[in-house]
Every structure is written in C-alpha cells, then in structure tokens.
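Colleague:
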Amino acid sequence: VNISGWSRDSGTSRYDAEGFQEEFVSFVRQVTGKPVLGVGRFTSPDTMVSQIRRGVLDLIGSARASIADPFLPRKLREGRIDDIRECIGCNMCVAAETIGVELRCTQNPTISEEWRRDWHPERVPAANTREHVLIVGSGPAGLEAALVLARAGHHVTVTEAREELGGRVTREARIKGLSAWRRVADYRLYQLRQMANVDLYSGSAVDAEAIAEFEADHVLLATGATWRRDGAGRSRLTPIDGFEDVAATPDDILDGMEIRGPVVIYDDDHYYMANALAVDLAVRGLEVQIVTPLPTLAPWMAQTLEQPRMIAELKSYGVRMHPNTAAIGWANGALSVVRSDTGEELPAIGGATLLSVTVRMPDPSLSEALAARGSAHRVIGDADAPGTIQLVVFSGHRNARELLGQEPAPGHFKRERPTLFY
Numbered sequence: 128v129n130i131s132g133w134s135r136d137s138g139t140s141r142y143d144a145e146g147f148q149e150e151f152v153s154f155v156r157q158v159t160g161k162p163v164l165g166v167g168r169f170t171s172p173d174t175m176v177s178q179i180r181r182g183v184l185d186l187i188g189s190a191r192a193s194i195a196d197p198f199l200p201r202k203l204r205e206g207r208i209d210d211i212r213e214c215i216g217c218n219m220c221v222a223a224e225t226i227g228v229e230l231r232c233t234q235n236p237t238i239s240e241e242w243r244r245d246w247h248p249e250r251v252p253a254a255n256t257r258e259h260v261l262i263v264g265s266g267p268a269g270l271e272a273a274l275v276l277a278r279a280g281h282h283v284t285v286t287e288a289r290e291e292l293g294g295r296v297t298r299e300a301r302i303k304g305l306s307a308w309r310r311v312a313d314y315r316l317y318q319l320r321q322m323a324n325v326d327l328y329s330g331s332a333v334d335a336e337a338i339a340e341f342e343a344d345h346v347l348l349a350t351g352a353t354w355r356r357d358g359a360g361r362s363r364l365t366p367i368d369g370f371e372d373v374a375a376t377p378d379d380i381l382d383g384m385e386i387r388g389p390v391v392i393y394d395d396d397h398y399y400m401a402n403a404l405a406v407d408l409a410v411r412g413l414e415v416q417i418v419t420p421l422p423t424l425a426p427w428m429a430q431t432l433e434q435p436r437m438i439a440e441l442k443s444y445g446v447r448m449h450p451n452t453a454a455i456g457w458a459n460g461a462l463s464v465v466r467s468d469t470g471e472e473l474p475a476i477g478g479a480t481l482l483s484v485t486v487r488m489p490d491p492s493l494s495e496a497l498a499a500r501g502s503a504h505r506v507i508g509d510a511d512a513p514g515t516i517q518l519v520v521f522s523g524h525r526n527a528r529e530l531l532g533q534e535p536a537p538g539h540f541k542r543e544r545p546t547l548f549y
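FYI, the numbering for the sequence shown is 128 to 549, going by our numbering.
1) Do the segment 362–377 and the segment 476–485 touch if we need at least three Cβ pairs shorter than 8 Å?
2) Taking 8 Å as the cut-off, does the segment 432–451 touch the segment 341–350 (at least 3 CB pairs, one atom from each stretch)?
3) List the residues that DSSP assigns as beta-bridge partners of residue 557.
4) Beta-carbon within less than 6 Å of residue 300's beta-carbon, same chain only, minus the 5 sequence neighbours each way: which residues are those?
5) Which same chain residues, not among the five before or five after residue 312, have their C-beta less than 6 Å away from its C-beta?
6) In the DSSP assignment, find the unbroken alpha helix (DSSP H) run with residue 313 in it and report its ends.
7) Per DSSP, what kind of secondary structure is residue 204 in: helix, strand or coil?
8) Under DSSP, the alpha helix (DSSP H) around residue 152 begins and ends at which residues?
9) Just reading off the alpha helix (DSSP H) that residue 298 is part of, what are its end residues?
10) Quickly, what does DSSP pair residue 463 with across the bridge? List them, please.
11) In whole angstroms, give me the CA-to-CA distance for residue 458 and residue 368.
12) Threshold first: 3 residues or longer. Then list the beta strand (DSSP E) segments lying entirely within the segment 411–435, N to C.
13) Near residue 519, what residues of its chain come up, given a Cβ to Cβ distance below 6 Å and the 5 sequence neighbours on each side ignored?
14) Name the DSSP beta bridge partners of residue 328, please?
15) Quick one, are the C-beta atoms of residue 195 and residue 212 less than 8 Å apart?
16) Taking the straight line between their C-alpha atoms, what separation do you get for residue 176 and residue 184?
17) Between the alpha carbons of residue 197 and residue 215, how many angstroms are there, rounded?
18) Whole angstroms are fine: how far does the CA of residue 317 sit from the CA of residue 207?
19) Is the Cβ-Cβ distance between residue 497 and residue 476 less than 8 Å?
20) Please classify residue 178: is it buried, with 16 or more other beta-carbons within 10 angstroms of its beta-carbon, or exposed?
21) Once DSSP output is grouped into helix, strand and coil, what is the label at residue 529?
22) Beta-carbon separation of residue 396 and residue 360 under 8 Å?
23) For the alpha helix (DSSP H) that residue 175 lies in, which residues bound it at each end?
24) Smallest Cα separation from residue 257: which of 133, 244, 278 and 247?
25) When the Cα atoms are used, what is the spatial distance from residue 442 to residue 288?
26) Which same chain residues, not among the five before or five after residue 413, have their C-beta less than 6 Å away from its C-beta?
27) Can you tell which of 405, 135 and 400 has its C-alpha closest to the C-alpha of residue 386?
28) Identify whether residue 508 lies in helix, strand or coil by the three-state DSSP scheme.
29) Tell me which same chain residues have a C-beta within less than 7 Å of the C-beta of residue 141, skipping the five on either side of it?
30) State the CB to CB distance for the pair residue 263 and residue 349, rounded to an integer number of angstroms; the pair is presumed to be in contact (CB under 8 Å).
31) When you compare the segment 487–496 with the segment 239–250, are there three or more beta-carbon pairs, one atom per stretch, that lie closer than 8 Å?
32) Does DSSP put residue 448 in a helix, in a strand, or in coil?
33) Are the CB atoms of residue 503 and residue 445 within a distance shorter than 8 Å?
34) Below 8 Å between beta carbons: does that hold for residue 137 and residue 235?
35) According to DSSP, which residues form a beta bridge with residue 481?
36) With DSSP collapsed to three states, give me the class of residue 258.
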C-alpha cells in the first residue's frame, strides 16, 4: 500500500519522519486478510520491527535503506544493529536516477561498483604489507578512507584540528532538518573505535613539520574546504564588490557567529545550504530574504524531489525569495541587484547581515608545504575537489582503494554487460 506519488513516497529526512505513512495506511490490515506491504522512509530497525509487532504492516519496503546497507536483513538476523549503515535520507540515490547516471549513495560508496570495480560493501582484501597511514582530517572523506584502510589491515591514525570529530557532517547536521546526516560520521566513528589498529585524535592540528616527524608510510590530506566570502560562485566567477569585508558565510554560522536580522542571503550554490540556513534563521525569529541569479531557487533540489517542498517551507516561515536576481555589489547595508536575464536594475535589498552562500574552496597550503619538503601525500575529498557529501565519501573510498592497489586502471572497468564471443 502507498499513499502518493514518488516525490512523497521517497521523501527525504529533511521533510519526512521515519515511517511517516503509518497514520494513513494502518487501517488496511484491518480490512484484508492478505499480507500488507508498506513503505514510508524506513531506516531504523526499531521502527520497522515496531510496525510489524503492532500489526501495522506484515512486510517492510526499504529500498533506500537497502542501498545504504545491502546486508541490512542479515545484520538484523544476527543482532548486529550497531553495524547497520543507516540511510540518511538525502536522496542522492534518487538524484542519480533522475539525471541518468550510475546509482549513488552517500552512505554506501560501493553501490554500482560491486561488479565493475570489485568493491564489496563490507569486505576489503588484506593489504600485501601492513603499513602506517596518517590521515589529516576527520570529515566524511577522511573517515571513509580510514575505515577502508583499517579493514585492509593498515595501522591508521586520524588527526582532527577541531575538538569534535566528523568534519562538515557533524556541523551541518546542526541545521534544522539535517540531523540525520550525522549518521555519515556516526557509523564510521563507531566502526573505527572498535578497531585496535586505529587511533583517533581530536583537537590535534598538524603542520608539515609534524607530519614529516610522524614518519607514516602514507599521508592523506582530508582537510576539507571553506565557503568563499567574496561572492564569487557558480554563475559569477569573480568577486562581488563589497562582499569580502562584510559578508558572513555558512562556516561563520556553523561556528556560532551571532547573526543580526534582517538577513539577506545570496545563493549562488543552488543546493540545500542557503535555503536550509534561511529556515534555520527564520526559526530564530529573524527576517530573511534569499536572492538567487537563477530563474528558480535551488534547482538541484528538483533532482532529490525536494524543491517544491523547500519553496513551500520557505513561504511558511515568511522568507522572501528573489529569483532571477543577480547581485552586483553591497554597500551601506543594501544589496545592489539586477535582473539576471536582462540586466535591468532592480530596487536594492536592505539588511543588517549579508550571508554569502556561493562555492567552497580548499586551502592548499598544507599540501604545498609537504610538496616543498618532498613529502609524498594524497589530497582527498573536499580538500581535492569540493562536492556533495556523497562525492567526498566516494573520494575517500576510491583513494583508499588506490593506495591498496585495488582500483582498476583508468578505462579498465569490467563491462556492465559482458559480451560473450563463441
């Protein structure tokens, strides 16, 4: 039984609680003697078992949860609940379908690669020689690389400059609606903490000299990226006048900066960050306006099926939206704007705080310092190429496999549909 189309059936964790369809389908079992199968964003075994024991459903449909962890049923049967790699409900798998690429998953970087790359979701072949690997940074890429390398038998040390492990996911998970995303770090940290060959150090910033003194056999830099402050973004590659000296960034807000309203958000990122922060700030009672140079707000969220609900959410919180509006400068507490398509000058948008949400940039200084010393290293995740959490988890996994010699050479994947010649 189901209650709606795909966009609601496959709702994200930002907008739908686990098992959210129960109130609509619980009557079905009372009017039929046939087994009832239901869906509704099931990720937690507790929720699944609860609905079965209470007679809501007989069978649980959990496609996305099974993408995140193909061994979910086995782990349930064996009582390995803490080993389940729980779906975070971000709909990256859905986005892969809507744009027509290989199935992808934030939690499970091996999906679609089991055959052509020989990546098993749980098992990693043992390394030929056990070595010591230093990973600088405990974000999603660093933790994923650490887990793969530790499972292969290497001794892994992870250092993190901040007091809290987890990198961007633990910080972004504090934003309203994104708490489930913390599972990306939680799962990996739990697994790593069970391993005797892993050391995790928070509050431990390192420089090139300290890395050299560590004498690790391999060094991976997973130091992440930070949001640009100068207004340069995806539609405009150059800085915007007046931004650099006054604009706040998502990093500032996630670091606890006190924000005064009214707030003007300039969104040239076009995914979740600008609108999620708009809601978060509106909930605090601040007046918020969001400006984007594109014809619609956050078009990438159409791929994750969230865009219509996101726009409705912004309206419900009184957030004013200005699509098709390009920023050309900030001065005297006002954003100067023009129409993106015609260049027509529009009324300035005033505010006490300007929040620039455009693109993120890595800091290459540590890599450059290591290179100057002749120290071999790999740069992974956002530190190499800022992207979605899914992309940087994949980067961490791929780089770990390459280090282990378990990644096929470019162009040498197994064919998806092997051709047999007789």
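For each residue, glycine too, the CB sits at the ideal point set by N, CA and C.
Modeller: Let me lay it out:
1) Look at the beta carbons and you see the segment 362–377 touching the segment 476–485: at least three pairs across the two are nearer than 8 Å.
2) Taking a contact to require three or more Cβ pairs closer than 8 Å, the segment 341–350 and the segment 432–451 do not qualify as touching.
3) Residue 557 lies beyond the range of the chain shown here (128 to 549); nothing can be said about it.
4) These residues qualify, in order along the chain: 306, 308 and 309.
5) Contacts found: 293, 296 and 297.
6) Following the DSSP letters along the chain, one finds residue 313 inside the alpha helix (DSSP H) bounded by residues 310–320.
7) DSSP, reduced to helix, strand and coil, places residue 204 within a helical segment of the structure shown.
8) Annotation: the continuous alpha helix (DSSP H) that includes residue 152 extends over 149–152.
9) That run of the alpha helix (DSSP H) goes 295–299.
10) DSSP output for residue 463 lists 456 as bridge partner(s).
11) Rounded to whole angstroms, residue 458 to residue 368 spans 8 Å at the Cα level.
12) Whole beta strand (DSSP E) segments, 3+ residues: 415–418.
13) Within the same chain, residue 519 has close Cβ partners 267, 268, 508 and 509.
14) Beta-bridge pairing by DSSP links residue 328 to 286.
15) Yes; because the gap between Cβ atoms is below 8 Å, this pair is in contact.
16) Cα to Cα, the separation comes out at about 10 Å.
17) Rounded to the nearest whole angstrom, the C-alpha separation of residue 197 and residue 215 is 15 Å.
18) The straight-line gap separating the alpha-carbon atoms of residue 207 and residue 317 is approximately 13 Å.
19) With contacts defined as CB atoms closer than 8 Å, residue 497 and residue 476 fail to qualify as a contacting pair.
20) Burial call: buried.
21) Residue state, collapsed to three classes: helix.
22) Yes.
23) Start and end: 172–180.
24) Among 133, 244, 278 and 247, the Cα nearest to that of residue 257 is on 278.
25) Rounded to the nearest angstrom, the two C-alpha atoms are 39 Å apart.
26) Closer than 6 Å at Cβ, skipping near neighbours: 388 and 390.
27) Comparing C-alpha distances from residue 386 to each of 405, 135 and 400 shows the shortest one belongs to 405.
28) The answer is helix: DSSP assigns residue 508 an H, G or I state.
29) Closer than 7 Å at the Cβ level, and outside the excluded window around residue 141, lie 304, 305 and 433.
30) At roughly 6 Å, the Cβ-Cβ gap stays under 8 Å, so residue 263 and residue 349 are in contact.
31) With the rule of 3 Cβ pairs closer than 8 Å, the segment 487–496 does not count as touching the segment 239–250.
32) DSSP places residue 448 in the strand class (E or B) of the three-state scheme.
33) Contact annotation: residue 445 and residue 503 have beta-carbon atoms that are not nearer than 8 Å.
34) In this structure, residue 235 does not lie closer than 8 Å to residue 137 by Cβ.
35) Note: residue 481 sits in a beta bridge opposite 391.
36) Coil, per DSSP.
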